[in-house]
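Here's the structure, in structure tokens; my notes come after.
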Amino acid sequence: MFDFLPSDFLIFVVIGFLAQIIDGALGMAFGVLTTTSLLTIGVVPSMASAMTHVAECFTTAASGLSHLYHRNVDWRLVLRLAPAGMIGGAIGAYVLANIDGKAIEPFVSVYLIAIGFFILYKAFRPQFPRDVHDWIVPYIGGAGGLLDAMGGGGWGPIVTSSLLGRGHDPKKVIGSTNLTEFAVTMAISATFILALGWSELAPALGLVAGGILAAPIGAMVVRRLPVRPLMIAVSMIIIGTAAVRFV
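As structure tokens, this is what we get:
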């Protein structure tokens, strides 16, 4: 297990800062980028996902409140997504916290590589091409929560992309899934804290600090960057760093 030292705090601040900057540009990828970075420096999968989700409690709260303020939330969609997402997330967190980190790491890496390719696909095909009917929305939420917890990220790429295929107003979809992600992240984080203990998750404070520092300046920086090349670069980073662990 990765041993956290006070001198390493800056590393976590930098990871949180950069991940939040990119997430501000794409509306996704904080979780997968943070988890991939933590795995790269030696954090085991359960700890990486737990630390990421504790940090996301703060970033998703800010994002959700912003979308509420701008009236980008469809409460009917939130009510269909949230319960299933929270249940799926809690199950995923419990399973991940109770299995051997080394045994699950290859599967987490494969999942992250898949998410990387999915983001790469979205760079060239922004609209998800398949229609998703109302009856399947809770299942999308449940699957998104489960995979997000076990893989350390992926709620945005999976859930948001799928719901855009319904033909709803993109602003409502993004706002609703962002607000729902806060509830799902809280459920995942609570499960991890109960299973692992808060003392094990103290390094997440560095990720929180980095994310908070990035939040007010992220929009100013990323609005000058072209989205498609950024998505391609992010996907390559995720795929490359995850694939290296197989070497």
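Using the numbering used here, the letters of the sequence shown correspond one by one to residues 3 to 249.
Just so you know, even glycine gets a beta-carbon here, dropped at the ideal spot from N, CA and C.
If you're wondering where the values come from, they're calculated on a predicted model, not measured in any experiment.
If I measure Cβ to Cβ from residue i and keep anything under 8 Å in the same chain, skipping five residues before and after, which residues do I get?
i: Val-56; result: Ser-191, Phe-194, Ile-195, Leu-203, Ala-206, Leu-209 and Val-210
i: Ala-99; result: Ser-48, Ala-52, Thr-193, Phe-194, Ala-197 and Leu-198
Go ahead and pull the three-state DSSP assignment for residue i.
i: Asn-180; result: helix
i: Pro-108; result: helix
i: Gly-155; result: coil
i: Ile-101; result: coil
i: Val-186; result: helix
i: Ala-245; result: helix
i: Arg-230; result: helix
i: Gly-199; result: coil
i: Ala-206; result: helix
i: Arg-127; result: coil
i: Asp-133; result: A caution first: Asp-133 carries a pLDDT of 45, below 50, which makes its placement in the model unreliable, though a value can still be read off. Of the three classes helix, strand and coil, the one that applies to Asp-133 here is coil, per DSSP.
i: Val-80; result: helix
Go ahead and label residue i buried or exposed: buried means 16 or more other beta carbons lie within 10 angstroms of its beta carbon, across all protein chains shown.
i: His-72; result: exposed
i: Val-246; result: exposed
i: Asp-102; result: exposed
i: Phe-184; result: buried
i: Lys-104; result: exposed
i: Ile-43; result: exposed
i: Arg-230; result: exposed
i: Ser-201; result: exposed
i: Leu-12; result: exposed
If contacts are defined as beta-carbon pairs under 8 Å, then residue i and residue j qualify, I think. What distance do you get, rounded to the angstrom?
i: Gly-212; j: Ile-17; result: 6 Å
i: Phe-19; j: Leu-215; result: 6 Å
i: Val-110; j: Gly-154; result: 7 Å
i: Val-15; j: Gly-91; result: With 8 Å as the limit, Val-15 and Gly-91 do not qualify as a contact, their Cβ atoms being about 26 Å apart.
i: Met-88; j: Ala-217; result: About 24 Å separates the two Cβ atoms, so there is no contact after all.
What does a CB cutoff of less than 6 Å around residue i pick up in its chain, not counting 5 residues either side in sequence?
i: Leu-40; result: Ala-50
i: Thr-179; result: Val-161 and Thr-162
i: Leu-83; result: Gly-143 and Thr-182
i: Ser-237; result: Gly-118, Ile-121 and Leu-122
i: Val-139; result: Arg-82
i: Leu-149; result: Gly-156
i: Gly-158; result: Met-30
i: Trp-77; result: none
Ordered along the chain, which non-local residues of its own chain (more than five positions away) have a Cβ less than 7 Å from that of residue i?
i: Glu-58; result: Phe-32, Gly-33 and Thr-187
Discussion item. Going residue by residue through the segment 11 to 48, where are the continuous alpha helix (DSSP H) segments of at least 4 residues, counting only ones entirely within it?
Written reply: For the segment 11 to 48, whole alpha helix (DSSP H) runs of length 4 or above, ordered along the chain, are 11 to 28 and 32 to 42.
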